[in-house]
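Beneath this line is the structure, given in structure tokens, with notes to follow.
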Amino acid sequence: METCQTSWPLFFKFHYRLAAYCSYYKEQSLGHISLLLYFSFGRIKMLWFQGNTMQLAKHSFQLLLRNLSSSKTALPVLTLFTKDPCPLCDEAKEVLGPYKNRFILQEVDITLPENSAWYDRYKFDIPVFHLNGQFLMMHRVNISKLEKQLQKLEQQGARG
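Take 3 as the starting number for the sequence shown in our numbering and just add one per residue.
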């Protein structure tokens, strides 16, 4: 097993088990590979893997990346700067519920040491929202503003 360390913020993680990724691997009885992937601002980071061969691991990971990146409908990232407790943040997440299939919600706890810059900037203003890294709104969800920006991004995605 090989381990890679990263200091990047880790927001979304999932464990993806490949059991004979394609029929070729199944026929060759090369076993399986376990990948632990972390999503950070839309990029995939591989933290560790185990498998029978390095070549098989690299090839399988490249195929997985190719399949993930081939999606034409990449969802925008809505970042919520929050802390615990934050009743306004909880209320904002409820208001966003009907729109959750149109973006990826990424929560950033501003009280964590690695987020001290965000704490200094937003400690009196949460909830604060960024859409794809750009400031969008603060204090309360402005549905019309969110809808307008989501439609704009969806139209750009349809053309591009």
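A virtual CB, placed ideally from N, CA and C, is assigned to each residue, including glycine.
Keep in mind that this is a model prediction, so the values were computed, not measured.
Nearest-angstrom beta carbon gap, residue j and residue i [assumed within contact, 8 Å]
i           : j           : result
residue 148 : residue 101 : 7 Å
residue 143 : residue 98  : 6 Å
residue 152 : residue 108 : So it is not a contact: roughly 15 Å between Cβ atoms.
C-beta contact flag for residue i and residue j at 7 Å
i           : j           : result
residue 131 : residue 110 : no
residue 78  : residue 133 : yes
Per DSSP, cross-strand counterpart(s) of residue i
i           : result
residue 157 : DSSP, once it has assigned bridges, lists no residue as partnering residue 157.
residue 84  : 111
residue 132 : 81 and 137
residue 106 : 79
Option in the options with minimal Cα separation from residue i
i           : options               : result
residue 106 : 135, 85 and 90        : 135
residue 118 : 80, 108 and 85        : 85
residue 91  : 113, 123, 120 and 128 : 128
residue 94  : 112, 145 and 156      : 145
residue 103 : 124, 116 and 76       : 76
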